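The structure appears below as structure tokens.
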Amino acid sequence: MRIAALAALVCASAPALAETPRDMLIHAAFSEHSVPAALARIDSAQTLAAGTLRRVPGDKEAALVAAMAFGYRAKLTGSRTGAIAARRQFEQLVAQDPRDPERQLALGAWHTGAIFKLGRLMARAVLGAQKGEALTAIDRAVALSAGRASVTGLAALLRLELDPADAKGRALAETTARLNASTPLDQIMKRAAVAVLVPVHAGDTDATGKLAARLLPFGALDGAN
671 MRIAALAALV CASAPALAET PRDMLIHAAF SEHSVPAALA RIDSAQTLAA GTLRRVPGDK
731 EAALVAAMAF GYRAKLTGSR TGAIAARRQF EQLVAQDPRD PERQLALGAW HTGAIFKLGR
791 LMARAVLGAQ KGEALTAIDR AVALSAGRAS VTGLAALLRL ELDPADAKGR ALAETTARLN
851 ASTPLDQIMK RAAVAVLVPV HAGDTDATGK LAARLLPFGA LDGAN
């Protein structure tokens, strides 16, 4: 009894592991149920990342998180100027380190998100989004990722969102479904790949496109699309 009580006391008094800025973005993108709640987490992540960059200007993780938070806020608020500024941030990150798969994927996701929301012609005219640039960045991310489920899974969903009959998107989803999932985002993307393969294998392109969009960040959040 005393040992059990002592153990309980230690567990209760031990500080919980703090959420990292990346954790906050993942939670905002996949777990929040309202736009205001998601924006609050995004803002917290951006504030922490910005603080890290002030202390360590070259911190790669903080730079990526800050740019993603900026882009997510623009997406949820529908800000045209914010979206364009986010694209420029992603382009700068890729230019600084073109071999970083997450930077490539973030840039590709920006283009696909704009095209999906506005249509190919309008997205290009209003925001400068281009399908060719999107697919090039996505393919580079996959090639550089060394089989990370978070990258291949997101790549699959992005491709299937744009084209539910995309053969490469299907292949990436099938690959992701077989990969190990060591991080929370890996696990989310592996589950998403397994789910989207159901309508893919059934040949239901309408359901495939809708589900791919829903499984992407903020896809299940009312008012986010």
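Take 671 as the starting number for the sequence shown in our numbering and just add one per residue.
Quick reminder that beta carbons are idealized off the backbone N, C-alpha and C, glycines included.
These numbers were taken from a predicted model, which means no experiment stands behind them.
Assuming residue i and residue j are in contact, meaning their beta carbons sit under 8 Å apart, how far apart are those beta carbons, in whole angstroms?
i           : j           : result
residue 846 : residue 826 : 6 Å
residue 831 : residue 867 : In fact, because the Cβ distance is near 15 Å, the residues do not count as touching under 8 Å.
residue 709 : residue 734 : Between residue 734 and residue 709 the Cβ distance is about 19 Å, and since that is not below 8 Å, they are no contact.
residue 817 : residue 849 : 6 Å
residue 819 : residue 792 : Their Cβ separation, rounded to whole angstroms, is 33 Å, which puts residue 819 and residue 792 out of contact at 8 Å.
Sort the options by Cα distance to residue i and report the nearest one.
i           : options            : result
residue 841 : 829, 850, 851      : 829
residue 806 : 771, 788, 793, 789 : 771
residue 788 : 801, 776, 777      : 801
residue 799 : 782, 867, 813, 809 : 782
residue 856 : 872, 709, 696      : 696
residue 888 : 808, 760, 707      : 707
residue 688 : 872, 714, 701, 804 : 714
residue 779 : 810, 795, 870, 865 : 810
residue 768 : 865, 813, 712      : 813
residue 870 : 851, 712, 884, 839 : 839
residue 694 : 881, 702, 701, 711 : 711
residue 884 : 872, 861, 873      : 861
residue 803 : 761, 815, 702      : 761
residue 837 : 815, 873, 821, 703 : 873
Looking only at its own chain, which residues have a Cβ that is under 7 Å from the Cβ of residue i, when we skip the five neighbours before and after it?
i           : result
residue 863 : 823, 826, 843, 846, 847
residue 736 : 716, 719, 720, 723
residue 729 : 722, 723
residue 784 : 753, 793, 797, 799
residue 808 : 775, 778, 825, 828, 829
residue 878 : 830, 834, 866, 869, 870
residue 700 : 858, 887
residue 759 : 737, 740
residue 790 : 801
residue 881 : 865, 866, 869
residue 702 : 708, 711, 891
residue 766 : none
residue 815 : 771, 821, 822
Excluding sequence positions up to five away, which residues of its chain have a Cβ less than 6 Å from the Cβ of residue i?
i           : result
residue 786 : 831
residue 875 : 834, 835
residue 732 : 719, 722, 723
residue 748 : none
residue 698 : 708, 711, 712
In its own chain, which residues sit with a C-beta less than 8 Å from the C-beta of residue i, not counting the 5 before and 5 after it?
i           : result
residue 692 : 715, 731, 735
residue 726 : 732
Meets three-Cβ-pair contact criterion under 8 Å: the region 753-761 and the region 737-745 = Yes, the region 753-761 touches the region 737-745.
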